[in-house]
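K.L.:
Input: one structure, supplied below.
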Amino acid sequence: MSISKLTAKHFREVYFGGNWTTVNLKSTLEDVTWKEATKQVHDFNTIAILANHINYYVKAVQNVLQGQQLQAKDEFSFKHHTIQSQKDWKEMLNQIWIDGENFVRLIEKLPEEKLNQDFTHPKYGNFYRNLHGIIEHTHYHLGQIILIKKMIAQENKN
Numbered sequence: 001m002s003i004s005k006l007t008a009k010h011f012r013e014v015y016f017g018g019n020w021t022t023v024n025l026k027s028t029l030e031d032v033t034w035k036e037a038t039k040q041v042h043d044f045n046t047i048a049i050l051a052n053h054i055n056y057y058v059k060a061v062q063n064v065l066q067g068q069q070l071q072a073k074d075e076f077s078f079k080h081h082t083i084q085s086q087k088d089w090k091e092m093l094n095q096i097w098i099d100g101e102n103f104v105r106l107i108e109k110l111p112e113e114k115l116n117q118d119f120t121h122p123k124y125g126n127f128y129r130n131l132h133g134i135i136e137h138t139h140y141h142l143g144q145i146i147l148i149k150k151m152i153a154q155e156n157k158n
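The sequence shown begins at 1 in UniProt numbering and counts up one residue at a time.
Now the structure itself:
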């Protein structure tokens with residue numbers, strides 16, 4: 001299997017399941033209500049903010065894979081539309097899953113020689129580094145989401 005296809009598989013697994021950690025974004029978020037997603041725990045980011053933040057960078061890299069300019073700015077990565085209902089939350093999640101599937105397809109099509117090329121600018125490293133960085137980034141924030149979710153569940157028990 002090519003490195004591009006292996007990378008796409010690795011991303012698909014952290015988003016949709018099947019990785020060796022047995023934890024993925026979709027199954028972690030599927031039972032979260034909009035109120036839980038927007039609940040502030042201590043001074044942490046909310047689950048909704050973290051889910052959007054993960055996808056913000058997926059979309060940014062996806063755009064580059066589609067031949068567009070890199071348009072990501074850290075200052076915007078933690079902002080999202082206000083979620084005021086379960087419908088709003090489900091719409092946000094549906095967009096995340098659509099973007100995730102599109103991202104996988106784009107990575108699968110990526111020619112092997114592209115992986116060693118600069119990602120928009122030499123300061124960002126190559127495509128390989130950025131694609132695997134997205135996977136690492138997702139795992140990192142997925143861990144935060146799981147901890148916040150557990151804190152909310154514990155609070156609801158009391």
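Just so you know, even glycine gets a beta-carbon here, dropped at the ideal spot from N, CA and C.
Looking only at its chain, what residues have a beta carbon closer than 6 Å to the beta carbon of T138, apart from the 5 residues adjacent to it on each side?
P.N.:
The answer, listed in chain order, is V14 and I54.
K.L.:
In the structure shown, what three-state DSSP assignment does D118 receive?
P.N.:
Of the three classes helix, strand and coil, the one that applies to D118 here is strand, per DSSP.
K.L.:
Please report the distance separating the alpha-carbon of residue 159 from that of I152.
P.N.:
In this structure the chain extends from 1 to 158, so residue 159 is not present and cannot be described.
K.L.:
Compare the C-alpha of K26 against each of A51, V61 and H10 and name the closest.
P.N.:
The candidate whose alpha carbon is nearest that of K26 is A51.
K.L.:
Go ahead and pull the three-state DSSP assignment for N19.
P.N.:
Three-state DSSP puts N19 in coil, outside helix and strand.
K.L.:
Apart from the five residues just before and just after H141, which ones in its own chain have a Cβ nearer than 6 Å to its Cβ?
P.N.:
Only L50 and I54 meet the Cβ criterion.
K.L.:
Can you tell me which residues form a DSSP beta bridge with N126?
P.N.:
According to DSSP, which records beta bridges pairwise, N126 is partnered with D118.
K.L.:
Nearest by alpha-carbon distance to A60: which of L93, T28 and D99 is it?
P.N.:
When each option's Cα is compared against that of A60, the closest is D99.
K.L.:
If you drop the 5 nearest sequence neighbours on each side, which residues of the same chain put their C-beta closer than 7 Å to that of Y57?
P.N.:
So the qualifying residues of the chain are A72, S77, I134 and H137.
K.L.:
Helix, strand or coil: how does DSSP classify S77 here?
P.N.:
The answer is coil: DSSP assigns S77 none of H, G, I, E or B.
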